[in-house]
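Going by my numbering, the sequence shown opens with residue 8, and the numbers climb by one from there. Just below is one structure, and these are the notes that go with it.
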Amino acid sequence: MKYTLLLLLLVSITLLSAQNVLFVNGSNESQFIYRTVEDSLHTYFNDTFGFNLACRNFGLGMKFIAELPKYSTEQTELLDELDSNRLELGWQELYASYEKDAWKIYTGITEESFGNGIVFRSYKDLEFDIDNRLESFLFSYNDVFKLKAIYGAIENPAINGKYDLAYGTDLQSPNFQGLSLGASAMAFRNLLTTNIYNQRTIFAGRLNYATEYIDLQAETAVSKLYHQPGIDTKNGKAIYVNGSYYFGPVTLGGAYKQYDKFQYRLNDLPTANYHNETLSDASATGEDEIGWQVFGTVSFTDGLNFTADYAEAFNSEKIKKMNDAFFALEYSGNSFSLLTSYSHIEKVDESSNSWQQDLIPALQTNFTWLKIPVQIQAEYKKVSKQRQEAESEHYEPKLQTDFTFKKLSLSLCAQSNWEEISEIFDSRYWASAQIKFPLFEHSDIILFGGKEAGGKVCRNGICRYVAPFEGLRVELNTRF
């Protein structure tokens, strides 16, 4: 309510003082889903209408979001009957801003970060459908030096209707011969189930250095957690270094990370590996983790490149270990391109006697056939697992073809899961088709039908994370 009143006040000031042209832009995204799953409501509808106004130095934006009901990214979370907590209908994600020269004042739903995000990042995670954005007041100055100050609140994940607090400031010095220094201070107050607030304070410093041949970033932070039942104080630390060196057609680089008791909701720790993998699927990044990464790229010719990336991580006791590797050779010509790659991800947890390895050779090519642009993606994923004494192994081959014919875009995909080649015809299959067609200059309709296993999906140049799905999905996207 307080943000609505403030927004109305700012809108009134804007309209009364406006003598210049009022700029308006926005979008509307509608989606109808029919999901073929047992014990489910089957049908879902959501619509997001958002707009932004800009006039003179003022800005205003908001979204009307309707989720009837909210579609879950969890495949096993079915809705037998409607629940009010899953229904949303109303104006959300409001913001207002005033910007003049190097100064800016902003209030509302905020996406912001300090440095690399180690200390603070207010963001929305589309992959896991997690919203970590603050409702805040933000003040910033960006000229000779950079200054940010923020004070905001975010809904408590465990207690409905209650909020946690976050406030802090970030300062970055002017760039002097490629070198700039930064410092951050943050405080977080989280409401516990015991109805008291704990408090976490963080102090950090960072260094950025960039020249024609070198690009270096380094950041370190320390934290203390107070008023947590069972302990007096809890100390944490984080170190992250990332650098690259460029000479001719070769780029070499590396990264190092060390995190100890430094995991909380409003930060985003770099994973320091190609696939952004966590040390363990059973624990959060930042509790106890050390790792390093090396990478390099060689350009043999204007159209031929080789990339290599390797990383390892482990906890302080070296009971949990992870390694991540990626190798790729890419050729790009005027009307033809070919990318062949190999990915390797392995995780070991001796405390639970578990092990998992993913091997993913892949191939992608783009060419023109009868004046029709065609893209083909193929991968053959092998997954090996060990849980206690039980061992398993299976394969996940995938083939996808994208066509573009005038205004029509068509994507066909087939994916499977089998344990033995002899069982290929008795295994699970996911087959799907998606058609995208522009109705008008700024409107597209997208029709999807079939089954998909979920995860990161790229179609016709657009990538996003999707939940496992079976059924029919119709989308209408409009921009203005």
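Even for Gly, the Cβ is constructed at its ideal location relative to N, Cα and C. As the structure is a prediction and not an experimental result, all values here were calculated from the model.
6 Å Cβ shell around residue i - same chain, five flanking residues per side excluded
i       : result
Glu-106 : Asn-64
Trp-362 : Val-355, Gln-393
Arg-213 : Gly-122, Gly-189, Glu-226
Glu-100 : Lys-70, Ile-116
Ser-350 : Phe-333, Ile-367
Gln-224 : Asn-215, Asn-249
Thr-347 : Leu-336, Leu-370
Glu-36  : Thr-55, Asn-484
Lys-155 : Ser-147, Asp-177
Trp-98  : Met-69, Phe-71
Glu-357 : Ile-326
Leu-259 : Tyr-252, Gly-303
Glu-386 : Ile-367, Ala-369, Lys-405
Leu-419 : Thr-408, Ala-440
Gly-478 : Tyr-41, Arg-42, Thr-43
Ala-438 : Ala-421, Gly-457
Gln-395 : Asn-360
Phe-455 : Gln-441, Arg-480
Lys-77  : Arg-93
Spatial neighbours of residue i in its chain, beta-carbon cut-off 8 Å, leaving aside the 5 residues before and after
i       : result
Glu-1   : The displayed coordinates of the chain run from 8 to 487. Any statement about residue 1 would go beyond what the structure contains.
Tyr-220 : Tyr-252, Tyr-253, Phe-254
Ser-180 : Phe-152, Ser-187, Leu-188, Gly-189
Leu-13  : Residue confidence is low: Leu-13 scores 49 on pLDDT, short of 50, so the model does not pin down where it sits. No coordinate-derived value is stated.
Asn-149 : Ala-109, Lys-111
Thr-240 : Lys-231, Leu-232, Tyr-233
Asn-163 : Lys-169, Tyr-170, Asp-171, Asn-197, Leu-198
Ala-160 : Leu-141, Glu-142, Ser-143, Tyr-170, Asp-171, Leu-172, Ala-173
Arg-128 : Glu-119, Ser-120, Phe-121, Asn-139, Leu-273, Asn-274, Asp-275
Leu-133 : Arg-471, Tyr-472
His-282 : Asp-331, Phe-333, Ser-350, Ile-352
Spatially closest choice to residue i from the options, by CA coordinates
i       : options                            : result
Thr-201 : Lys-169, Ser-230, Gly-175, Ala-211 : Lys-169
Val-31  : Asn-59, Phe-410, His-49            : Asn-59
Val-481 : Gly-33, Thr-50, Val-301            : Thr-50
Asn-274 : Leu-199, Gly-310, Ala-192, Thr-240 : Ala-192
Glu-398 : Val-390, Thr-372, Asp-132          : Val-390
Val-473 : Glu-95, Leu-89, Asn-92, Asp-136    : Asp-136
Val-28  : Ala-61, Tyr-281, Ser-287, Ser-359  : Ala-61
Asn-373 : Ala-160, Gln-395, Gln-364, Gln-407 : Gln-407
Ser-323 : Phe-302, Leu-286, Ser-359, Val-301 : Leu-286
Glu-400 : Leu-172, Lys-414, Gln-38, Lys-388  : Lys-388
Asp-409 : Arg-207, Ser-423, Val-464          : Val-464
Tyr-436 : Phe-447, Pro-445, Asn-424          : Asn-424
Ile-526 : Leu-276, Asn-205, Ala-245          : Outside the modelled stretch of the chain, which goes from 8 to 487, sits residue 526, for which no answer is possible.
Thr-218 : Asn-182, Ala-438, Asn-139, Gln-235 : Asn-182
Lys-405 : Tyr-263, Gly-462, Asn-92, Glu-319  : Gly-462
Phe-412 : Tyr-402, Leu-377, His-282, Glu-396 : Leu-377
Ile-157 : Leu-145, Ala-320, Asp-222          : Leu-145
Pro-236 : Ile-203, Gly-456, Val-381          : Ile-203
Ile-383 : Phe-343, Gln-395, Asp-365          : Phe-343
Glu-492 : Cys-470, Phe-487, Ala-438, Gly-456 : Only positions 8 to 487 of the chain appear in the structure, and residue 492 is not among them; the question remains open.
Ala-73  : Glu-95, Leu-67, Ser-79             : Glu-95
Val-126 : Ala-245, Gln-364, Ile-469, Leu-345 : Ala-245
Residues sharing a beta bridge with residue i, DSSP
i       : result
Ala-289 : DSSP output for Ala-289 lists no bridge partner at all.
Arg-272 : DSSP, once it has assigned bridges, lists no residue as partnering Arg-272.
Arg-207 : Phe-195, Leu-232
Tyr-387 : Pro-404
Lys-354 : Met-329, Gln-363
Ala-335 : Thr-314, Ser-348
Asp-295 : Asp-267
Tyr-247 : Glu-226, Lys-264
Thr-258 : Tyr-253, Thr-304
Tyr-53  : A small fix is needed here, since residue 53 is Asn in this sequence, not Tyr. Note: Asn-53 sits in a beta bridge opposite Gln-38, Glu-74.
Arg-466 : Ile-469
Lys-5   : Because the chain is modelled from 8 through 487, residue 5 falls outside the range shown and cannot be assessed.
Ile-379 : Trp-376
Asp-507 : Because the chain here runs from 8 to 487, residue 507 falls outside it and cannot be looked at.
Thr-43  : None, per the DSSP bridge assignment.
Pro-368 : Tyr-349
Thr-201 : None; Thr-201 has no bridge partner.
Asn-242 : Lys-231
Asp-409 : Gln-382, Ser-418
Contacts around residue i, its chain only, beta-carbon distance under 7 Å, and the 5 residues preceding and following it disregarded
i       : result
Gln-270 : Ala-291, Thr-292, Gly-293, Glu-294
Lys-443 : Ser-416, Asp-451, Ile-453, Asn-467
Gln-26  : Unreliable placement is indicated for Gln-26, whose pLDDT of 49 sits below 50; no coordinate value is reported for it.
Pro-445 : Lys-414, Asp-451
The ligand FAD heavy atom lying under 7 Å from the CB of residue i
i       : result
Ser-147 : Here there are no bound small molecules, and the ligand FAD is not part of this structure.
Count Cβ pairs between the region 336–351 and the region 287–303 that sit closer than 8 Å; are there 3 or more? no
Quick check for students: name the residue ranges of the beta strand (DSSP E) that lie wholly in the region 141–197, counting only runs of 3 or more. 141–149, 153–162, 170–179
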